[in-house]
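The opening position of the sequence shown corresponds to residue 1 in the numbering used here, with each subsequent residue numbered one higher. Glycine included, every Cβ here is placed at the ideal spot set by N, Cα and C. Just so we're clear, the structure is a prediction, and the values are computed from it rather than from any experiment. A short worksheet on the structure shown next.
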Amino acid sequence: MPETKILKLSEMKTNEKARIKSYSAKGLLKQKLYNMGFIPGSEILMVRTAPLMDPIEVMVQNYFVTIRRTEAKIIEVELI
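And the structure:
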């Protein structure tokens, strides 16, 4: 069985796919991420990073979403 690689969303490279495992947000930030489609078990694709590395654009739930790198650092993903 192949070994799975767990990392932060902020560490993904362009065109990598992953599955959201969890995130450590609480309160309003947790609700914001959930509303934007960052639901554990969902697939995510790293689309691109801005020239200064912030923000990043991902595809989640068939939507393009741009988030700050600080938000991406709290989202744990598993490469697929």
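Task: Contact belief for Ser22 with Arg69 at Cβ below 8 Å, rounded distance in angstroms - done: Your pair Ser22 and Arg69 does not check out as a contact, with CB atoms roughly 18 Å apart and the cut at 8 Å.
Open item on the list: Using a Cβ distance threshold of 8 Å, determine whether the segment 62-80 contacts the segment 23-32, with at least three qualifying pairs required.
Closed with: Because the criterion of three Cβ pairs below 8 Å is met, the segment 62-80 and the segment 23-32 touch.
Task: Cα-Cα separation, Pro40 to Leu7 - done: Here the alpha carbon of Pro40 sits roughly 14 Å from the alpha carbon of Leu7.
Task: C-beta contact flag for Ile56 and Ala18 at 8 Å - done: Here Ile56 is not near Ala18, since their CB atoms are 8 Å or more apart.
Task: Nearest-angstrom beta carbon gap, Thr4 and Leu52 [assumed within contact, 8 Å] - done: Going by Cβ atoms, the distance from Leu52 to Thr4 rounds to 31 Å, so no, they are not a contact pair.
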